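Using the numbering used here, read the sequence shown as starting at 11 and increasing by one per residue. Glycine included, C-beta positions come from ideal geometry on N, C-alpha and C. Since we're looking at a predicted model, the values are computed, not measured. Encoded as structure tokens, the structure appears first; notes follow it.
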Amino acid sequence: MAIERHVRVYDAPGGTYESMAVYDAAAGDQPGLLLFPNFLGTKEWDFAKAETLTGLGFKVLVVDYYGQGKRAGSMEEGGALLQ
């Protein structure tokens with residue numbers, strides 16, 4: 011098994027977003043999961059969890075709901091990013 015991470019940059023309403031697809035390219039068809047990070051946005055923990063889920067037989071997309079390069083460092087920053 012060779013788990014791969016691939017960044018997907020795309021435009022959508024509200025700006026440019028950067029999500030990460032995590033999967034085993036050699037596995038063929040598999041069910042997919044959307045992994046939504048906590049209030050602070052995506053971080054390495056989310057990508058590591060996606061790799062764990064990939065090892066269980068899923069293709070995973072870690073969702074970016076704030077926008078490319080936007081991450082919160084505190085609850086206050088997270089609230090501001092949701093505005």
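For my contact list, residue i and residue j are in at a C-beta cut-off of 8 angstroms; report their separation, rounded to the angstrom.
i          : j          : result
residue 13 : residue 86 : Going by Cβ atoms, the distance from residue 13 to residue 86 rounds to 35 angstroms, so no, they are not a contact pair.
residue 42 : residue 69 : 5 angstroms
residue 19 : residue 45 : Not confirmed; about 18 angstroms, so no contact.
Quick check: the Cα distance between residue i and residue j, rounded to an integer number of angstroms?
i          : j          : result
residue 59 : residue 39 : 20 angstroms
residue 81 : residue 22 : 18 angstroms
residue 24 : residue 48 : 20 angstroms
residue 90 : residue 83 : 11 angstroms
residue 74 : residue 55 : 14 angstroms
residue 37 : residue 53 : 26 angstroms
residue 11 : residue 92 : 37 angstroms
residue 16 : residue 30 : 6 angstroms
Starting from residue i, follow the beta strand (DSSP E) in both directions and report where the run begins and ends.
i          : result
residue 30 : 25 to 34
residue 50 : Segment: none, residue 50 is in no beta strand (DSSP E) and carries neither H nor E.
residue 21 : 13 to 22
What does the Cβ neighbour count give for residue i, buried or exposed, with the cut at 16 atoms within 10 Å?
i          : result
residue 64 : buried
residue 26 : exposed
Assuming residue i is part of the alpha helix (DSSP H), what are its boundary residues?
i          : result
residue 69 : Unbroken run through residue 69 is the beta strand (DSSP E), 69 to 72; no alpha helix (DSSP H).
residue 90 : 85 to 92
residue 56 : 54 to 65
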